[in-house]
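Please read the structure below before turning to the comments.
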Amino acid sequence: MVLIAQGDAEIKRIAAHDGAILCAALHPDGARLLTGGDDGKLNAVSADGAIEPLFENRKWIDHLVAAPTTGLIVAGVGKEAIVFREGREAHRFTYPTSIGGLAFDAKGRRLAATHYNGATLRYALMSDDKGVALNWAGSHLACTLSPDADYLVTAMQENSLHGWRLPDKTDLRMDGYPAKTRSFSWDKRGRWLATSGADSAIVWPFVGKLGPQGKAPLQLIPRNGLVTAVAFHPTEERLAIGYSDGAVWLASFATQGVDELDEPGEGPVSALAWSIDGAQLAIGDEAGRGAIVTL
Numbered sequence: 658m659v660l661i662a663q664g665d666a667e668i669k670r671i672a673a674h675d676g677a678i679l680c681a682a683l684h685p686d687g688a689r690l691l692t693g694g695d696d697g698k699l700n701a702v703s704a705d706g707a708i709e710p711l712f713e714n715r716k717w718i719d720h721l722v723a724a725p726t727t728g729l730i731v732a733g734v735g736k737e738a739i740v741f742r743e744g745r746e747a748h749r750f751t752y753p754t755s756i757g758g759l760a761f762d763a764k765g766r767r768l769a770a771t772h773y774n775g776a777t778l779r780y781a782l783m784s785d786d787k788g789v790a791l792n793w794a795g796s797h798l799a800c801t802l803s804p805d806a807d808y809l810v811t812a813m814q815e816n817s818l819h820g821w822r823l824p825d826k827t828d829l830r831m832d833g834y835p836a837k838t839r840s841f842s843w844d845k846r847g848r849w850l851a852t853s854g855a856d857s858a859i860v861w862p863f864v865g866k867l868g869p870q871g872k873a874p875l876q877l878i879p880r881n882g883l884v885t886a887v888a889f890h891p892t893e894e895r896l897a898i899g900y901s902d903g904a905v906w907l908a909s910f911a912t913q914g915v916d917e918l919d920e921p922g923e924g925p926v927s928a929l930a931w932s933i934d935g936a937q938l939a940i941g942d943e944a945g946r947g948a949i950v951t952l
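Be aware that the sequence shown starts at 658, since it is given in our numbering, and climbs by one per residue.
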């Protein structure tokens, strides 16, 4: 089910799939929502409720990423990353094991895919790209590329992060988390990487040639419970932080001020997303509650 909030506060419910929606991403056109389901379908859903089927198979669609700069869409299905261009399947990349996570760089050209024992980088437009292998033992799940594409960071099955400084493939390890990291967010300039998985937002510095190596992270707004979602403001150094009790707070780097945006609810915050202009923040939690906060 896709819920669409209209300007007059009306909530439109759209049955986009026959089963559960497993992943979603903003369409490259900026006007539709891409959804992947356990029914094996990839759809593009419009605000008026129109559904455009883009792809269908017998396997779950576990991951989705899209790039407005190149118009590419990539779906993770088992061991394959399926690349779509102009709404049609262009080619596929195959990995040694099931894909754990996908990420584009800011230009929408380089595609990172995690899997068991590491990650692989490819140029998504090149169907014959054999890829650059980044090896590290263990299960790698969610991943993120820095805006300048100099760093790839992955969440491990253990309560830690692993990273690579891509120009020289130097390994980086960021550990000490009491829980798994499931949410990443870079600030606009790529100087900070915010992560979930602790009782405060853990924000790693990526300034200088060594990035976070040998540096302590910031720990923002500690509370009872865990941080479950993070989202940097699109234009300012302000970070929205969601917690396991359903609360959402906002931390400002410039003023060091904090504000409560949403009170504790019935379930952990599972999603945070800013509007393009940064004027509104959308919130979703595991209890099925959604909210939009206007700043």
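Note that beta-carbon positions come from the ideal geometry of N, C-alpha and C, so glycine has one too.
Straight across, the Cα-Cα distance linking Pro725 with Ala738 is about 18 Å. Rounded to the nearest angstrom, the Cβ distance from Thr912 to Ala936 is 19 Å, too far for a contact under 8 Å. For Gly758, the closest alpha carbon among the candidates Leu791, His720, Ala836 is that of His720. Counting only residues of its own chain and dropping the five nearest sequence neighbours on each side, Glu743 has a CB closer than 8 Å to the CB of Gly728. It is roughly 34 Å from the alpha-carbon of His674 to the alpha-carbon of Ala858. For Gly833 and Lys669, the gap between their C-alpha atoms comes out near 42 Å. If you draw a straight line from the Cα of Arg689 to the Cα of Asp934, it is about 17 Å long. Every beta strand (DSSP E) stretch that sits fully inside the segment 718-768 and reaches 3 residues is listed by chain position as 720-724, 729-734, 737-742, 745-751, 758-761. By the neighbour-count criterion, in which a residue is buried when 16 or more other Cβ atoms sit within 10 angstroms of its Cβ, Ala790 is exposed.
Secondary structure at Met783: coil, using DSSP grouped into helix, strand and coil. Residue range 895-900 is occupied by the beta strand (DSSP E) that includes Tyr900. Comparing alpha carbon positions, the residue from Ser755, Leu768, Ala930, Trp793 closest to Ser784 is Leu768.
Taking C-alpha positions only, Glu667 is separated from Asp805 by approximately 39 Å. With at least 16 other beta carbons inside 10 angstroms of its own, Ala888 counts as buried.
Inter-residue distance for Trp793 and Pro710 is about 37 Å (C-alpha atoms, whole angstroms). For Gln937, the uninterrupted beta strand (DSSP E) segment begins and ends at 937-942. One thing to note: Gly735 has its Cβ no nearer than 7 Å to the Cβ of Lys764. A residue is called buried when at least 16 other Cβ atoms come within 10 angstroms of its Cβ; Asp762 meets this threshold and is buried. Where Val864 is concerned, there is no enclosing beta strand (DSSP E), because DSSP gives it neither an H nor an E. For the pair Ser901 and Pro925, the CB atoms are nearer than the 7 Å cut-off. Residue Pro891 holds the alpha-carbon nearest to the alpha-carbon of Gly847 among Arg880, Ala704, Pro891. By the neighbour-count definition (other C-beta atoms within 10 Å, threshold 16), Ile940 is a buried residue.
Ser853 counts as buried, since no fewer than 16 other beta carbons sit within 10 angstroms of its beta carbon. By a beta-carbon distance limit of 8 Å, Thr827 does not contact His819. Their separation comes to about 12 Å. Within the DSSP secondary-structure output, Trp821 pairs in a beta bridge with Leu809, Asp828.
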